[in-house]
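Heads up, the thing below is written out as structure tokens.
Chains as they are written, first to last, in our numbering: chain A, 48 to 639; chain B, 48 to 639.
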């Protein structure tokens, strides 16, 4: 049986030592003192490890079952979902106007991590609802908000996002689902949507589907897509549930992982739908909440790696196998624990230094979202827009890689389902795919975000690194181990950007062939920046006489590892990028 | 439903254009002319795609079922296994003395690839039998060989390898299974073995278990381990089957993949066993066949990637999504096929250039095994001994990575089991673990093989690269795209070796902390060498007026991709290695 313990201290370190949340001039941040955030994270961690984590394997083993149009979630999910509702965990950052607690998004993110680590499939029911809430909150009419949001904030009603169709995923312009105006302000929606997470289940009274569809007679392609609310049960004016709508689950998909979440084919057969926002502006409505949704998926990536890492460490400390080549560490035992072996440590340090860097990167992203929204800060908005594909793409690629690496520590036991390590890898795999496959993230980054607002945001990012290095150059403890590697990696990244500028003009494929490498490069530079900052914060804490010296020293040592052993990847990515499109585009399609 | 077509032309290219097998001065190689090998590979490919491939998904879905001590293999496996026996596919490289066909191992390897690509789990029943055959053939008495081998060559009886116990995998010195001499030359074996592939099933009359156990009163640890034959049914002197032996399957493991193979817990309860070779020399007996077994696992790695790649290409050509940024390629259709997009090509070229390089590397390894065995060539033996951990470790890591990359091309469909891409990733995952987890391969390479025979073999490898570069320096077509990158990568590898020599003496952890990176580096250099040679061979074929110019030109273009885009990884690995053990060993175990 796998273990999970919420890394409260690490989360607190990022919130306070790194981001200094309570000192930020952002509405609501003044309440985020150490005691308050500690209480929230501790309690979230308790729910995660005691309620959600024990159901993780149950969800994987039982999966969701469709019988007579009704989806049965795994044993215990319903009760756990009730606890989440009662604990107010579904309402944390929601608008108080509709029953939310109005906490900053960064606080929501900090509390989400343990939930996602403990049971990713379970947490998606709430996560999708949050996404649907955000879309209605941003684009719905006041009437729609009053009607749907209070129940969605409490998760009495859950939500879904319906984009994909069998023949179109990324390219939503090919969409066929139709919306026919009924003259009374409503529409009849018909078509089939696939890969609908939490599409149907038995944990809520009602399900509010958000559906992209084309209004007949509208523009061709992506410009003719509108967003609709399609409730499973129509909602009467007094808020009571009315008749069953024309939407039904067609089947549940058999997936590689996240078995606890019901991934549905949804059939819409003249279902009543209500337009959200303007006609034909559906994509814009979806895009406004994309930063949050993609940040949430990036979090899934590293949160699964965190869980897998905790178990790998426990196994490495417990399992006796072989002897330390420099002398027995457990001379009275039959063998030394795995953790004495350098290659086991290499593997564990790869995981640890990634996960902690990823957490800092994600929380920083959440903080930028708060700054953008609550302070109407356009620079923060531009910066998080730039970072979003990196958070999503890099953290999910690496999250899967390290969940798999953790599995490797177990040897043969890692491959046996009973030990639970396979599930972390299988669950983490989806995060690389959904919410825009990672190749699309790379395209978004290089094809769109780099040049956004005249390249202003990427320049600001480089400036931020330069300033940090400059301000701390006199700090000998930081310089060699942190600032110098950061400077080198940042130079590689700038050189790649330069290559794109010089060669992408004459042939965009020269840039796009290197987009994936650029995304990874930038991920490394971001984590390098986070580590340099965290090292500085840890050093300051030690200088200030912090009592828990081991914690802060470990933080610095882990950062040193990242800078020494992970950051050099930027030179490889640059070398790949610099070869351009020639070898990538050389073959005729028939010769693959 | 996934597809599979044996890459006969690519296999023939490696056998003849690269390895020039029929011109080699090795007994049996004179028969390997193009027509003969083509007929064999074509036929193997036919069996693979028509018989084995359709059962791949069946095996994954149904798995093996244990009922009343009997294991039922998936529907169709038994009939397919009969076809394999009847076709003589189980006997190819076996000793004619015992009913084998006596073909070179490289031919066996070439025929195995399609079988493994088409159905890895199925092919393991034969693969394990081949391993047990080799152990008895190398170390058994003449009486044992006469008694067991003829039936194992035909797979009327299958074989297993019993090493792992619940508390010991890598560190077999901790073994508890006991062998008690009975005074009549036989032993009574008692203990529990786990992870026994093909441990029990319904496709053979008898199962010959090879079991490692400790003879009571023998030396402690690994030096007291002996190897025993423990047949499921005892074999009478006339060859007929006698009484059921005291060995029984305890349970079948639920695994991440290879569901079609029954992975058993085997309980030995005073089972009759017969010593193979000498007392306490069991490990040596196992080690002699390790090169072959590990090469076979390396083949599994790239063979799964090959299957996954074929499907990814088919999907990328078929699926319409988005438009080529340089202008529509399918202007009359609603969108262009995925394969127009640079990042999809980047992904596919990564896969293709790896798989084809890996095939060359593996076949070259098989050729070295033939040269070592059939010519008693100690240099070839030393070289394959050096290469074995690289073939196993690098090809299985990358095989899994690229099976996963192929899955990514499918977007959401890649995560749905129905499409078959998840299975390739899940099946490929085990190859990184069994037959010595890849961390152990890295340890074997750096801790043992580099220094073997005074470092003679690694020096010979470097010399081989140097000579090839020197001999072809005047070849302008090769120089820039192939020889220069190969030289740079080889220099990186030598620099890493130098670092180990200079720093490993004072602290072996300086070398062992870099062992995994070194294994990957060396894998890249080996594939770089293979590609340089293949490019040369392809150029020669074109110069000689080969009619299939597209095939050879594609080969060269694919090689160019590998040299430009994959080989630069060596510089990253070197940078990691050069940081030594400090950051790897910094933390106390309690601080992970």
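A virtual CB, placed ideally from N, CA and C, is assigned to each residue, including glycine.
Bear in mind that the values here come from a model prediction, so they are computed numbers and not experimental data.
Look up residue i in the DSSP assignment and give the residues it is bridged to.
| i | result |
| --- | --- |
| residue 113 of chain A | A:118 |
| residue 302 of chain A | B:463 |
| residue 573 of chain A | Answer is none; residue 573 of chain A lacks a bridge partner. |
| residue 239 of chain B | B:314 |
| residue 215 of chain B | B:212 |
| residue 516 of chain A | Partner(s): none; residue 516 of chain A has no beta bridge. |
| residue 367 of chain A | A:384 |
Check this for me: beta carbons of residue i and residue j, under 9 Å apart or not?
| i | j | result |
| --- | --- | --- |
| residue 322 of chain A | residue 274 of chain A | yes |
| residue 481 of chain A | residue 162 of chain A | no |
| residue 172 of chain A | residue 245 of chain A | yes |
| residue 376 of chain A | residue 365 of chain A | no |
| residue 226 of chain A | residue 297 of chain A | no |
| residue 355 of chain B | residue 478 of chain B | no |
| residue 183 of chain A | residue 254 of chain A | no |
| residue 121 of chain A | residue 102 of chain A | yes |
| residue 467 of chain A | residue 49 of chain A | yes |
| residue 345 of chain B | residue 447 of chain B | no |
| residue 431 of chain B | residue 547 of chain B | no |
| residue 556 of chain B | residue 631 of chain B | yes |
| residue 513 of chain A | residue 505 of chain A | no |
| residue 550 of chain B | residue 458 of chain B | no |
| residue 410 of chain B | residue 94 of chain B | no |
| residue 389 of chain A | residue 560 of chain B | yes |
| residue 575 of chain B | residue 525 of chain B | no |
| residue 164 of chain B | residue 353 of chain B | yes |
| residue 302 of chain A | residue 463 of chain B | yes |
| residue 179 of chain B | residue 206 of chain B | yes |
| residue 455 of chain B | residue 394 of chain B | yes |
| residue 460 of chain B | residue 362 of chain B | yes |
Who are the near neighbours of residue i in its chain, counting only those whose CB is closer than 6 Å to its CB and skipping five residues on each side?
| i | result |
| --- | --- |
| residue 617 of chain A | 536, 539, 568, 571 |
| residue 401 of chain B | 445, 449 |
| residue 79 of chain B | 68, 69 |
| residue 159 of chain A | none |
| residue 529 of chain B | 579, 582, 610 |
Starting from the C-beta of residue i, find all residues in its chain whose C-beta is less than 8 Å away, skip the five residues before and the five after it, and write them out in chain order.
| i | result |
| --- | --- |
| residue 217 of chain A | 483, 484, 487 |
| residue 59 of chain B | 81, 84, 85, 88 |
| residue 249 of chain A | 117, 118, 119, 120, 125 |
| residue 326 of chain A | 262, 265, 273 |
Since I believe residue j is in contact with residue i (beta carbons under 8 Å), could you give me their beta-carbon distance rounded to a whole number of angstroms?
| i | j | result |
| --- | --- | --- |
| residue 262 of chain B | residue 213 of chain B | Contact doesn't hold; Cβ gap of about 21 Å is too wide. |
| residue 75 of chain B | residue 149 of chain B | 7 Å |
| residue 602 of chain B | residue 622 of chain B | With 8 Å as the limit, residue 602 of chain B and residue 622 of chain B do not qualify as a contact, their Cβ atoms being about 32 Å apart. |
| residue 259 of chain B | residue 219 of chain B | 7 Å |
| residue 381 of chain B | residue 221 of chain A | 5 Å |
Quick one: what's got a C-beta closer than 7 Å to residue i's C-beta in the same chain, skipping five residues either side?
| i | result |
| --- | --- |
| residue 426 of chain B | 507 |
| residue 541 of chain A | 509 |
| residue 289 of chain A | 280, 281, 282, 283 |
| residue 419 of chain A | 427, 428, 431 |
Practice task
Give, in chain order, every residue of the region 619 to 635 of chain B whose Cβ lies closer than 7 Å to some Cβ of chain A.
Solution key: Within the region 619 to 635 of chain B, the residues whose Cβ lies closer than 7 Å to some Cβ of chain A are 619, 622, 623, 626, 628, 630, 631, 632, 633, 634, listed in chain order.
Practice task
Mind checking the region 196 to 213 of chain A against chain B and listing, in chain order, the residues whose C-beta falls within less than 8 Å of any C-beta there?
Solution key: 211
Problem - Contact set between the region 345 to 368 of chain B and chain A, restricted to residues whose Cβ is under 7 Å from the partner - result: 360, 364, 368
Problem - Cβ-based contacts, 8 Å cut-off: residues of the region 526 to 549 of chain A near chain B - result: none
Exercise for the section: Would you list, in chain order, the members of the region 591 to 607 of chain A that have their beta-carbon closer than 9 Å to a beta-carbon of chain B? Expected result: 597, 598, 600, 601, 604, 605, 607
Problem - chain D contacts from the region 434 to 466 of chain B (Cβ-Cβ distance under 7 Å) - result: Of the protein chains in the structure, A and B, none is chain D.
Handout entry: Near-chain B residues of the region 242 to 257 of chain A (beta-carbon distance less than 7 Å), N- to C-terminal order
Key = 242
Handout entry: Short-range partners of chain A found in the region 389 to 404 of chain B, where Cβ spacing is below 8 Å
Key = The residues in question are 389, 390, 391, 392, 393, 394, 395, 396, 399.
Practice task
Residues of the region 372 to 386 of chain B with a CB closer than 8 Å to any CB of chain A: list them in chain order, please.
Solution key: 372, 373, 381, 382, 384, 386
Handout entry: Contact list for the region 464 to 486 of chain B against chain A, Cβ threshold 8 Å
Key = 464, 465, 469, 472, 473, 476, 477, 479, 480, 481, 484, 485, 486
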